[in-house]
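J.:
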Amino acid sequence: DTGVSQDPRHKITKRGQNVTFRCDPISEHNRLYWYRQTLGQGPEFLTYFQNEAQLEKSRLLSDRFSAERPKGSFSTLEIQRTEQGDSAMYLCASSLTSTWLAGAWTDTQYFGPGTRLTVL
Amino acid sequence: AQSVTQLDSHVSVSEGTPVLLRCNYSSSYSPSLFWYVQHPNKGLQLLLKYTSAATLVKGINGFEAEFKKSETSFHLTKPSAHMSDAAEYFCVVSEGGKLIFGQGTELSVKP
């Protein structure tokens, strides 16, 4: 198992263009998460999937953002009409299903290397 | 809603001296807590995880953390810092499966 992979690692685009990122999770993981990390901050949750179903979306995820996981394996995150404020590191993580055990969640998320987006 | 607060944005230690990175949490029930490390230009790596099995949790690379419910704390420690420990460290709480990160503590290690 090679872990979570993301493509591309870096993307430079001009304001107003559309961009798409890909994430390939660890093969047996049924949950896939997207986070965004801006400079000097901790990652912030964007959305997550269980298999192909998108179960939760953050308020951070504006209408210009869309994520898919069509076959329950890899996922794509598309940003339409990019803005300079979209410049950030986009992180993908995967895990097995969270289990409530002894009063706590037991999942562990494994992160990919991220895609760094720069919007000029 | 759950949250974590990392009390120091930057910590500097000398190689061979102890490391203490402080984290307080806010949770209405027994939380799942994590420490992740992020080296420059590398992905987030899990250091250790607490899920109520034991209050003292041992992680990789000699790190450990102690869950103290009375103090709502989950501080990360290491007896002796190594140059390779220089990185950004995040205290994290799990809420419904998604992770909520603290602001991060940058650890510098001086020779």
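Line by line, the protein sequences are chains A and B.
Quick note on numbering: our numbering labels position 30 of the first sequence as 30, and the sequence is numbered without any gaps.
Numbers in our numbering are just positions in the second sequence, counted from 1, shifted up by 1000.
Each residue gets a CB set at the ideal place from its N, CA and C atoms; glycine is no exception.
1. From the beta carbon of Gln-1002/B, is the nearest beta carbon of chain A less than 7 Å away?
2. With a threshold of 7 Å between beta carbons, is Asp-107/A in contact with chain B?
3. If we count the other Cβ atoms within 10 Å of its Cβ and call it buried at 16 or more, is Tyr-1029/B buried or exposed?
4. Are the segment 107-115 of chain A and the segment 1053-1066 of chain B touching by the rule of at least three beta carbon pairs closer than 8 Å?
5. Hey, Cys-23/A and Ser-75/A are a contact pair by Cβ (cut 8 Å); roughly how many whole angstroms apart?
6. For Gln-1006/B, which three-state DSSP category applies?
7. Between Phe-45/A and chain B, is any beta-carbon pair separated by less than 7 Å?
8. Give me whichever residues DSSP pairs with Gln-54/A in a beta bridge.
9. Rounding to the nearest angstrom, what Cα-Cα distance links Arg-81/A and Leu-60/A in this structure?
10. Terminal residues of the continuous beta strand (DSSP E) containing Met-89/A?
11. Just to make sure I have the definition right: I need the residues of chain B whose C-beta is within less than 8 Å of the C-beta of Glu-56/A. Which are they?
12. Give me, in chain order, the residues of the same chain whose beta-carbon lies closer than 8 Å to that of Lys-11/A; leave out the 5 immediate sequence neighbours on both sides.
13. Could you work out which residues of chain B lie near Tyr-33/A, taking near to mean beta carbons separated by less than 7 Å?
14. If Gly-1043/B sits next to Pro-113/A, beta carbons under 8 Å apart, how far is it from one beta carbon to the other, in whole angstroms?
15. Can you pull the chain B neighbours of Phe-111/A, defined as C-beta to C-beta under 7 Å?
16. Starting from the beta carbon of Gly-1102/B, find every residue of chain A whose beta carbon is closer than 9 Å, and list them in chain order.
17. Report yes or no: is there a C-beta of chain A within less than 7 Å of the C-beta of Pro-1090/B?
18. Quick one: is Met-89/A buried, meaning 16 or more other Cβ sit within 10 Å of its Cβ, or exposed?
T.: Looking at the atomic coordinates:
1. no
2. yes
3. exposed
4. no
5. 5 Å
6. strand
7. yes
8. Phe-49/A
9. 16 Å
10. 88-95
11. Gly-1096, Lys-1098
12. Val-19, Phe-21, Thr-115, Arg-116, Leu-117, Thr-118
13. Lys-1098
14. 4 Å
15. Gly-1043, Leu-1044
16. Gly-42
17. For the record, residue 1090/B in the displayed sequence is Phe; it is not Pro. Phe-1090/B counts as touching chain A.
18. buried
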